[in-house]
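Undergrad:
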Amino acid sequence: MDWSIVLKAMAAMAGAALLFGLILAIASRKLAVHVDPKVELVLAELPGSNCGACGYVGCEQAAEEIAADESDVSTCVAGGQEVANRVAHALGKDAVDVGAPKIAVLNCGGGCKVATIRYDYHGVPTCAAARALHGGPLLCQSGCVGFGDCVKSCPFDAMAMGPEGRPEIDIDKCTGCGICVTTCPMGGEGLLALVEEGAPIVVACCSHESAKATRNACPKGCIACKACEKVCESDAIKVVDNLAVVDYEKCTACGKCVERCPTKCIVTTRWFQPGGYPAAEEPVEVEA
Amino acid sequence: MMEAARTYLLLFFGAAIVYNILLIRFIGLCPFFGVSKSIETSIGMSVAVLFVMTVATSACWLLWGLVLQPLGVGEFLYIPSFILVIAALVQFEEMFIRKVSPPLYKAMGIYLPLITTNCAVLAVAVESVKPGFLKLNIPYHYSLPEAVVYAIGVACGFAVAIVMFAAIRERIELAPIAKSLRGAPIGFITAGLMSLAFMGFAGLFKL
Chain A
6 MDWSIVLKAM AAMAGAALLF GLILAIASRK LAVHVDPKVE LVLAELPGSN
56 CGACGYVGCE QAAEEIAADE SDVSTCVAGG QEVANRVAHA LGKDAVDVGA
106 PKIAVLNCGG GCKVATIRYD YHGVPTCAAA RALHGGPLLC QSGCVGFGDC
156 VKSCPFDAMA MGPEGRPEID IDKCTGCGIC VTTCPMGGEG LLALVEEGAP
206 IVVACCSHES AKATRNACPK GCIACKACEK VCESDAIKVV DNLAVVDYEK
256 CTACGKCVER CPTKCIVTTR WFQPGGYPAA EEPVEVEA
Chain B
4 MMEAARTYLL LFFGAAIVYN ILLIRFIGLC PFFGVSKSIE TSIGMSVAVL
54 FVMTVATSAC WLLWGLVLQP LGVGEFLYIP SFILVIAALV QFEEMFIRKV
104 SPPLYKAMGI YLPLITTNCA VLAVAVESVK PGFLKLNIPY HYSLPEAVVY
154 AIGVACGFAV AIVMFAAIRE RIELAPIAKS LRGAPIGFIT AGLMSLAFMG
204 FAGLFKL
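Here you go:
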């Protein structure tokens with residue numbers, strides 16, 4: 006047996022490996038890119054879901070901007086006060102008050118299984134496509150068509166399609182980033198909206214149609230009867246443009262309007278305790 | 004002159020379409036299913052593959068022609084040594100691009116590590132020195148320009164297949180499909196149908 010070929014093979018492989026190793030070692034020195042260590046620190050504090058609610062492409066770009074002082078420590082919309090505090094701590098900056106945290110709510114109590122159907126829709130199953138065809142299959146032009154564009158868009162997995170054909174929002178997971186509001190074709194009209202965390206009641210309707218039109222389209226809609234306005238003792242609910250609007254600063258969570266509403270379109274949230282809603286929110290904790 | 008141009012053209016189109024690496028030869032299927040969710044990512048992957056494949060094939064061809072073959076060890080050492088070359092090269096390219104062109108790194112940086120272990124890159128490098136793997140009727144092993152044209156052809160075929168597949172998958176996302184078939188299953192069926200279509204090119208021209 007010719008042993009020289011074994012030696013040659015070993016020499017060829019070892020030589021090549023050594024050469025490449027050497028080149029890589031030199032290259033890693035010569036071509037090293039200086040990365041701001043602050044970016045890593047900030048990035049570690051961000052949620053990392055790349056939701057884009059801050060306006061940057063992802064958490065990494067947001068971290069770069071924050072570290073370079075181009076953007077505020079409270080840039081992260083989804084993270085709220087907690088993340089802003091931690092980012093400020095990581096950078097050794099003063100914490101800022103980002104305001105009360107928000108959550109998304111659906112202002113619709115009807116939707117595709119309750120409201121009157123105008124036509125059978127068999128097109129592309131997205132809300133945007135359904136809405137583009139003559140305003141959607143529902144007679145109510147404001148209601149939820151229920152194809153779940155918002156559910157698919159939620160970067161925090163906080164939404165799911167409920168049995169009634171409307172999205173259900175998991176308050177524990179919702180960060181108030183507002184991606185669903187921008188995704189929803191009716192988000193601009195208030196079908197999905199952000200409210201302050203702690204809001205005890207929500208008007209589950211966003212139709213500004215006249216009472217008659219709303220009544221025809223959906224049994225759950227706000228018919229602007231003003232019963233809530235009359236029963237409210239703290240002047241917190243007003244009918245504006247055929248729709249009840251709650252002023253959360255004044256609302257005392259007495260629950261009278263919820264009882265009184267003839268179409269039951271005012272619904273309670275988990276923060277509803279009769280008389281328990283603090284008119285002035287307890288101050289948000291800001292770390293010094 | 005004409006003869007040479009004809010060879011290169013046939014080599015290019017033969018590699019890109021008739022013997023499409025994804026749809027006819029089923030090599031490099033991991034990125035084909037992994038990064039074909041959207042057209043954008045599939046284009047990024049295609050550009051990265053084109054770049055790495057061309058450079059890696061040239062480097063492997065040089066190693067084969069200048070070191071392995073003269074030493075007489077090429078016959079059994081080509082696969083391990085080519086893996087070595089490709090892995091080191093991709094590492095180097097990643098560092099180089101990151102230094103020289105940050106925008107390009109952002110666009111294709113995440114795809115580069117994925118290609119390190121891509122079998123399509125190794126296949127092309129091997130075929131450029133061992134033409135028996137691909138029956139394009141070239142009895143000798145490719146010259147360096149031929150190997151480069153061949154690598155570019157394969158990478159273009161890869162790009163055509165993966166971008167078309169991504170476009171179809173984007174449509175499928177919105178189509179009413181039975182729940183059990185959503186995602187990967189319908190992807191496999193789609194790939195199979197595309198492969199059938201590409202088989203129509205078989206024997207289109209001979210080298």
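Protein chains in written order, with our numbering: chain A, 6 to 293; chain B, 4 to 210.
Where is the CB? At the ideal position from N, CA and C, for every residue including glycine.
1) Alpha carbon to alpha carbon, what distance is there between Phe161 of chain A and Val132 of chain B?
2) Residues in its own chain within less than 8 Å of Met197 of chain B by CB, not counting five upstream and five downstream?
3) I believe Cys185 of chain A touches Leu197 of chain A by the beta-carbon criterion, under 8 Å. Please report the beta-carbon distance rounded to the nearest angstrom.
4) Could you check if Val62 of chain A is buried or exposed, using at least 16 other CB atoms within 10 Å of its CB as the buried criterion?
5) In its own chain, which residues sit with a C-beta less than 8 Å from the C-beta of Ile192 of chain B, not counting the 5 before and 5 after it?
6) With a threshold of 8 Å, are at least 3 pairs of Cβ atoms found where one atom belongs to the stretch 98-106 of chain A and the other to the stretch 148-159 of chain A?
7) Which residues, in chain order, does the stretch 96-110 of chain B contribute to contact with chain A at a C-beta distance below 7 Å?
8) Taking the straight line between their C-alpha atoms, what separation do you get for Glu87 of chain A and Ala204 of chain A?
9) Return the residues of the stretch 193-207 of chain B that lie within a Cβ-Cβ distance of less than 9 Å from chain A, sorted by chain order.
10) Anything in chain B within Cβ reach of Val38 of chain A, meaning under 7 Å, just list it in chain order.
11) Alpha carbons only, please: which of A:Glu45, A:Cys64, A:Gly115, A:Pro168 is nearest the one belonging to Leu144 of chain A?
12) Starting from the Cα of Ile113 of chain B, find the closest Cα among B:Pro34, B:Tyr11, B:Ile82 and give me that residue.
13) Output, in chain order, the set of chain B residues within a Cβ distance shorter than 8 Å of Met18 of chain A.
14) Does chain A have any CB closer than 7 Å to the CB of Gln72 of chain B?
15) Reducing DSSP to helix, strand and coil, say where Pro279 of chain A ends up.
16) Would you say Ala59 of chain B reaches chain A, if we count a Cβ-Cβ gap shorter than 7 Å as a contact?
17) According to DSSP, simplified to helix, strand and coil, what is Ala293 of chain A?
18) Using a Cβ-Cβ distance cut-off of 7 Å, determine whether Val166 of chain B contacts chain A.
19) For the stretch 16-50 of chain B, which residues have a beta carbon sitting closer than 8 Å to at least one beta carbon of chain A?
20) Going by Cα to Cα distance, which pick from B:Gly195, B:Met5, B:Lys182, B:Leu107 is closest to Phe54 of chain B?
21) Taking Gly77 of chain B as the reference, give the member of B:Arg174, B:Ala154, B:Val129 with the closest Cα.
22) Kindly indicate the opening and closing residues of the alpha helix (DSSP H) around Thr10 of chain B.
23) DSSP three-state label for Met164 of chain A, please.
24) Taking Cβ-Cβ distances shorter than 8 Å, what residues in chain A pair up with Val76 of chain B?
25) Going by CA-CA distance only, name the one from A:Leu248, A:Ala73, A:Pro52 that's closest to Cys64 of chain A.
26) Compare the Cα-Cα distances from Gly156 of chain B to each of B:Leu115, B:Tyr145, B:Thr57 and report the closest residue.
27) Evaluate the contact criterion for the stretch 6-16 of chain A versus the stretch 34-50 of chain A: three or more CB pairs, one atom per stretch, below 8 Å.
28) Note down, in chain order, all residues in the stretch 161-189 of chain B with a beta-carbon under 9 Å from any beta-carbon belonging to chain A.
29) Using 8 Å for Cβ pairs, my map puts Leu96 of chain A next to Val78 of chain A. What's the rounded Cβ distance?
30) Using a C-beta cutoff of 7 Å, does Ala128 of chain B count as contacting chain A?
31) Any beta carbon from chain A within less than 7 Å of Ala62 of chain B's own beta carbon?
32) Looking at the secondary structure, which residues open and close the alpha helix (DSSP H) in which Val150 of chain A lies?
33) Pick out whichever of A:Cys182, A:Tyr124, A:Met191, A:Asp7 has its Cα sitting closest to the Cα of Val200 of chain A.
34) Along the chain, where does the beta strand (DSSP E) that runs through Pro172 of chain A open and close?
35) Please report the residue range of the beta strand (DSSP E) in which Val208 of chain A lies.
36) Just the Cα atoms here: how many angstroms apart are Ala154 of chain B and Pro179 of chain B?
TA: The relevant details are as follows:
1) 51 Å
2) Leu26, Ala164, Met167, Phe168, Ile171
3) 5 Å
4) exposed
5) Leu184
6) no
7) Met98, Phe99, Arg101, Lys102
8) 20 Å
9) none
10) Arg101, Lys102
11) A:Gly115
12) B:Pro34
13) Leu80, Pro83, Ser84, Leu87
14) no
15) coil
16) no
17) Any reading at Ala293 of chain A is ruled out, since the residue's pLDDT is 44, under 50, leaving its predicted position unreliable.
18) no
19) none
20) B:Leu107
21) B:Val129
22) 5-16
23) strand
24) Ile10, Lys13, Ala14, Ala17
25) A:Pro52
26) B:Thr57
27) no
28) Leu177, Ala178, Pro179
29) 7 Å
30) no
31) no
32) Careful: Val150 of chain A lies outside any alpha helix (DSSP H) and carries neither H nor E.
33) A:Cys182
34) 172-174
35) 206-208
36) 39 Å
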